[in-house]
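Heads up, the thing below is written out as structure tokens.
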Ligand SMILES: Cc1ncc(COP(=O)(O)O)c(C=O)c1O
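Numbering (this note's numbering), first residue to last: 21 to 395.
Here is the structure:
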């Protein structure tokens with residue numbers, strides 16, 4: 021089964037017959053103000069396009085200096101590791117069960133469900149999740165635990181202390197897997213800010229914070245046995261030469277990182293403000309604002325109508341259905357530096373505010389017309 025992800029402007033463009041370069045893509049949680057590449061590409065040693073990309077010492081050193089640990093494996097996006105982690109942790113028979121978040125980046129659940137007994141904790145409510153995980157581990161400490169910290173899309177976030185405590189409760193081969201794809205805005209909340217226990221795996225996605233998802237780089241921090249298992253299966257030359265050059269410079273560029281944290285905060289505030297009028301008219305059941313996206317819990321029909329309304333106008337958002345009633349509408353950050361994008365977005369939102377009235381009183385006539393246009 022293939023899972024659908026955000027950022028698929030090509031499919032949207034084919035479905036809605038709008039050229040790819042006319043879309044505003046707010047369907048991902050990728051920093052819209054990416055690490056600037058002009059200078060890096062000018063300085064790049066062109067030989068790196070020709071030679072096999074063995075991991076260069078300056079690449080390894082810059083990664084260690086940014087993440088604060090040298091016990092890592094560089095992978096072509098953490099996605100490649102997510103697919104292999106269940107096999108790496110369940111080499112012995114009988115396999116031990118896994119506790120998963122009820123919501124979150126679906127590839128974790130997808131990878132674990134294939135061969136592992138699994139249960140869920142509530143990825144919406146921090147207290148309920150904490151109580152449930154505590155109880156599960158007290159009952160059977162021989163389990164794996166997967167945490168997406170902060171959670172995409174719910175923004176649920178556990179403290180470093182709490183995660184360390186669970187890691188220490190796990191016994192009999194149980195591991196804690198923490199996906200920190202969205203932690204870079206608050207590095208002090210990363211498990212890497214402390215020495216890592218032997219049964220903990222931390223995943224760090226390079227693409228989100230640096231806004232460079234296209235170069236496919238990520239890092240796994242874990243004990244050497246796990247890194248060896250993953251490394252053999254991922255194979256040699258996993259990070260191409262130009263990508264190594266870009267990561268090396270970006271990881272050393274502390275000035276950019278500091279200003280990026282500020283800019284991401286501004287982008288998030290602007291995005292929330294732009295959508296606030298519209299969402300104040302809808303009966304939103306819950307809202308969660310993370311650094312690189314906002315999530316709004318809506319009734320299914322409203323979420324689908326909203327998606328359709330935006331897509332017909334070249335605005336791509338992400339709908340994540342929870343059950344038969346509710347869908348999370350996730351909206352990424354606008355680029356505050358793109359005046360044109362903001363102007364177009366404001367125009368689309370003004371139209372939406374007219375169509376989507378107070379408390380989901382969507383004007384039926386207009387929606388009928390909308391459906392006719394798309395038929
Ligand atoms: C929570 C989370 N983890 C991991 C990934 C995979 O990212 P990448 O393979 O680019 O590191 C994503 C992608 O959207 C994500 O949202």
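Built from N, CA and C at the ideal position, the CB exists for glycine as well.
- Between the C-alpha atoms of residue 295 and residue 50 there is a straight-line separation of about 18 Å.
- In this structure, ligand 1 has a non-hydrogen atom nearer than 7 Å to the beta-carbon of residue 125.
- Between residue 238 and residue 97, the C-beta gap is smaller than 8 Å, which places the two residues in contact.
- Distances between the C-beta of residue 284 and the heavy atoms of ligand 1 are all 7 Å or more.
- Under the 10 Å beta carbon count, residue 200 is surrounded by 16 or more other beta carbons and is classified as buried.
- Closer than 7 Å to some heavy atom of ligand 1: that describes the Cβ of residue 233.
- Excluding five sequence positions before and after residue 272, the CB atoms of its chain that fall closer than 6 Å to its own CB belong to 82, given in chain order.
- Three or more pairs of CB atoms, one per stretch, sit closer than 8 Å, so the segment 106-114 contacts the segment 124-139.
- Closest option to residue 173, judged by alpha-carbon separation, among 142, 208 and 265: 142.
- Counting C-beta pairs closer than 8 Å gives fewer than three between the segment 71-88 and the segment 163-173, which falls short of the contact rule.
- Residue 264 sits away from residue 99, with the two beta carbons spaced by 8 Å or more.
- The segment 340-350 and the segment 52-63 do not touch, with fewer than 3 CB-CB distances between them shorter than 8 Å.
- Under the DSSP assignment, residue 121 falls in the beta strand (DSSP E) whose first and last residues are 118-121.
- The closest heavy atom of ligand 1 lies less than 7 Å from the beta carbon of residue 99.
- Non-local C-beta neighbours of residue 227 in its own chain, meaning closer than 8 Å and more than five positions away in sequence, comprise 50, 97, 233, 234, 235, 236, 237 and 238, ordered along the chain.
- Per DSSP, reduced to three states, the secondary structure at residue 87 is helical.
- Nearest C-alpha to residue 40 among 353, 363, 351 and 336: 336.
- If you keep only unbroken beta strand (DSSP E) runs of at least 3 residues inside the segment 288-338, you get 306-309 and 313-319.
- Not a single heavy atom of ligand 1 lies less than 7 Å from the C-beta of residue 94.
- Residue 329 and residue 372 have their C-alpha atoms spaced approximately 8 Å apart.
- Here the segment 248-263 makes no contact with the segment 204-212; the two share fewer than three CB pairs at distances below 8 Å.
- For residue 346, the enclosing beta strand (DSSP E) begins and ends at 346-352.
- In the structure shown, the three-state DSSP call for residue 139 is strand.
- Under DSSP, residue 94 shares a beta bridge with 239.
- Assignment of residue 364 by DSSP, reduced to helix, strand and coil, places it in the helix class.
- For residue 221, the enclosing beta strand (DSSP E) stretches over residues 220-225.
- For residue 369 and residue 298, the gap between their C-alpha atoms comes out near 7 Å.
- For residue 275, the closest of 35, 55 and 24 by C-alpha to C-alpha distance is 55.
- Note on geometry: alpha-carbon atoms of residue 37 and residue 145 lie some 40 Å from one another.
- A Cβ-Cβ separation of about 26 Å leaves residue 377 out of contact with residue 43 under the 8 Å criterion.
- Residue 46 sits close to residue 351, with the two beta carbons spaced by under 8 Å.
- Contact between residue 222 and residue 164 fails: their C-beta atoms lie close to 14 Å from each other, not under 8 Å.
- One Cα belongs to residue 182, the other to residue 361, and the distance between them is close to 41 Å.
- Burial of residue 187 is indicated by the presence of at least 16 other C-beta atoms within 10 angstroms of its C-beta.
- In the three-state reduction of the DSSP assignment, residue 168 falls in the strand class.
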